[in-house]
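Here the protein sequences line up with chains A and B, keeping their order. Just so you know, the first sequence maps onto residues 80 to 270 in this note's numbering. Just so you know, the second sequence maps onto residues -11 to 201 in this note's numbering. The beta carbon of each residue, even a glycine, is placed where N, CA and C say it ideally should be.
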Amino acid sequence: MKFHVNDLLPRAALTAVVTMGAGLSQSALAEEGTGEVEVTAGLAQALKVECNTALDFGTTSLVAGDRSGNTVITVAPDGTTTTSGSDVVSVGTAQVGLCTVTGSQNTAGKFTTKEFQAPTMNADSGQTAPDDGSGNPTLTVSNFESSSTEIDSNGAADINIGGDLTIPDNLDGDNYGDYSGTVTFIVVDPA
Amino acid sequence: MKHEPVSPARWLGRLVLSVFISGSGLATAAKAESGQGTLEVHAGLSAALQLSCPKPLTFGIWFIPSGIRKDGSTEIVIEPDVPGGSPVTNKRSGDGSSSFPGPRQGECTVSGSLADDDTELTVRFSDTTINLQPAAVLFQDLPDSDGGLSVKNFTSRPAGSGSSFPALNSNPRLTDGEATFAVGGHLVIPSNLTSGQLGGYSGTVTITVTDTL
Chain A
80 MKFHVNDLLP RAALTAVVTM GAGLSQSALA EEGTGEVEVT AGLAQALKVE
130 CNTALDFGTT SLVAGDRSGN TVITVAPDGT TTTSGSDVVS VGTAQVGLCT
180 VTGSQNTAGK FTTKEFQAPT MNADSGQTAP DDGSGNPTLT VSNFESSSTE
230 IDSNGAADIN IGGDLTIPDN LDGDNYGDYS GTVTFIVVDP A
Chain B
-11 MKHEPVSPAR WLGRLVLSVF ISGSGLATAA KAESGQGTLE VHAGLSAALQ
39 LSCPKPLTFG IWFIPSGIRK DGSTEIVIEP DVPGGSPVTN KRSGDGSSSF
89 PGPRQGECTV SGSLADDDTE LTVRFSDTTI NLQPAAVLFQ DLPDSDGGLS
139 VKNFTSRPAG SGSSFPALNS NPRLTDGEAT FAVGGHLVIP SNLTSGQLGG
189 YSGTVTITVT DTL
């Protein structure tokens, strides 16, 4: 067997080149790449409802005992106060409730309002609420009514709130005094 | 511009990116829908007194000459007694004589107070002077025109308590949530009446009674 050095070197060199080429090809698959991925998020401001002025029916002056029925004090959203029922001697100075709504993304249209729950009017300590005959304390507020709910250019609105106060018949001396309660008010954006 | 072929890995990356952006687009679209606040509601009840005045203050019928009276206007004073009593009536000035029916004091009853016994009530008249209007009262016909009669200087006297006689305009005191008082005043008849102004007259004064509960 003849061994020729001159033949050997080119084969080795060729092999090496082929191997290096294959090596370059493999490293290309593991190459790092850079790019930009856009990341976005949205935050929508929830409607904020602040009611800093209470709906106040004032102090109603009524006689004790039989009045031949309930008395209803109505405070309209424009502040007008009317009475129906019997034997109201005098009605105090009433005040509409005021809630301010902010944070709407709308700049026109109207909010929809609705009360969530009619309040139970609790008597101050030292007095008892009148009884409706069923053992239930019954100074009730109902028929809530709001003024215009037009949304302004800032996505806000001031809403006046009125309602009906019903005072039951047959008050006794322990029923006189102050009462208070709360009502949750819900405001809905137009679609 | 030369477009290079996109490897499967880059396609996958683009697909993931598009899904991510699509998802974040939904978050951006969310708008405020509703909000709620708590509204306070206040009310107050105060006890009211009931005041009824079933007996009117009446000066009765007086004979007055028509035309100009040289002694000027006629002033008649009813000073009330205690409720149920007999008032003192005086013609302070001018012409005129009383006829049937005669003068009577007014009487009022307060009830419904929650204040303790012996609590004093204040009595206040809404006007110091009221003008009477033509009316068919005391068997008298309606005058043809207004004669300009007026009543002023209203007074009151409460029911007695104990042995002392209550002073004029002293405050009534409660017993079991009630009190009574009598009412008097001065009637002024102008000095020049025509015959058409003779007849009946009537008016109303509002009385406010307050306790100190």
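Determine the chain A residues that contact Ser22 of chain B at a beta-carbon separation under 7 Å, and present them in chain order. Against chain A, a Cβ distance below 7 Å from Ser22 of chain B picks out Leu126, Ile265, Val266, Val267 and Asp268.
Could you spell out the range, first to last residue, of the beta strand (DSSP E) harbouring Gly173 of chain B? Note, Gly173 of chain B: beta strand (DSSP E), Ala167 to Ile177.
At a CB-CB cut-off below 8 Å, which residues of chain B make contact with Pro198 of chain A? Under the 8 Å cutoff, chain B gives Val29.
Determine the extent of the beta strand (DSSP E) in which Ala236 of chain A is found, giving its start and end residues. Going by DSSP, Ala236 of chain A is part of the beta strand (DSSP E) stretching over Ala236 to Ile246.
For Leu45 of chain B and Asp106 of chain B, believed in contact at Cβ under 8 Å, the rounded distance: Their Cβ separation, rounded to whole angstroms, is 27 Å, which puts Asp106 of chain B and Leu45 of chain B out of contact at 8 Å.
Glu229 of chain A: contacting residues in chain B (beta-carbon distance under 9 Å): Near Glu229 of chain A there are no residues of chain B at all, since even the closest Cβ is about 17 Å away, more than 9 Å.
Kindly indicate if chain B contains any beta-carbon less than 8 Å away from that of Ala133 of chain A. Look at Ala133 of chain A: its C-beta is under 8 Å from a C-beta on chain B.
Could you have a look at Asn119 of chain B and say whether DSSP puts it in helix, strand or coil? In the three-state scheme derived from DSSP, where H, G and I count as helix and E and B as strand, Asn119 of chain B is classed as strand.
If we define contact as Cβ-Cβ less than 8 Å, is Ser102 of chain B a contact residue for chain A? Just to set this straight, residue 102 of chain B is Leu in the shown sequence, not Ser. At least one chain A Cβ lies under 8 Å of Leu102 of chain B.
Given Phe47 of chain B as reference, the closest of B:Val70, B:Glu21 and B:Tyr189 once Cα atoms are compared: The shortest C-alpha separation from Phe47 of chain B is found at B:Tyr189.
Flag this pair as yes or no: are the beta carbons of Ile56 of chain B and Ser138 of chain B separated by less than 8 Å? At a Cβ-Cβ threshold of 8 Å, Ile56 of chain B and Ser138 of chain B do not count as neighbours.
In chain order, which continuous runs of the beta strand (DSSP E) of length 3 or greater are located wholly inside the stretch 12 to 80 of chain B? 22 to 35, 38 to 43, 49 to 51 and 62 to 67, all fully within the stretch 12 to 80 of chain B.
If you drop the 5 nearest sequence neighbours on each side, which residues of the same chain put their C-beta closer than 6 Å to that of Ile207 of chain B? Nothing can be reported for residue 207 of chain B, as the shown portion of chain B is limited to -11 through 201.
By a C-beta neighbour count over all protein chains shown, 10 Å radius and 16 as the cutoff for buried, is Ala147 of chain B buried or exposed? Ala147 of chain B is buried by the Cβ-count criterion.
Between which two residues does the beta strand (DSSP E) carrying Asp83 of chain B extend? In this chain, Asp83 of chain B is not harboured by any beta strand (DSSP E), its DSSP state being neither H nor E.
Can you pull the chain B residues whose beta carbon is under 7 Å from the beta carbon of Ser140 of chain A, in chain order? The contact set of Ser140 of chain A on chain B, defined by CB atoms closer than 7 Å, consists of Ser34 and Ala36 in chain order.
Three-state secondary structure (DSSP) of Gly39 of chain A: The question about residue 39 of chain A has no answer here: the residues shown for chain A are numbered 80 through 270.
Going along the chain, which residues of its own chain have a beta-carbon closer than 7 Å to the beta-carbon of Cys178 of chain A, five neighbours each way excluded? Excluding positions up to five away in sequence, the list reads Val128, Glu129, Cys130, Ile238, Ile240 and Phe264.
For Gln93 of chain B, which three-state DSSP category applies? Coil, per DSSP.
Determine whether the Cβ of Thr26 of chain B lies closer than 8 Å to any Cβ atom of chain A. Put simply, the CB of Thr26 of chain B is near chain A, with a gap under 8 Å to one of its CB atoms.
Where does the unbroken beta strand (DSSP E) through Phe113 of chain B begin, and where does it stop? Start and end: Thr110 to Phe113.
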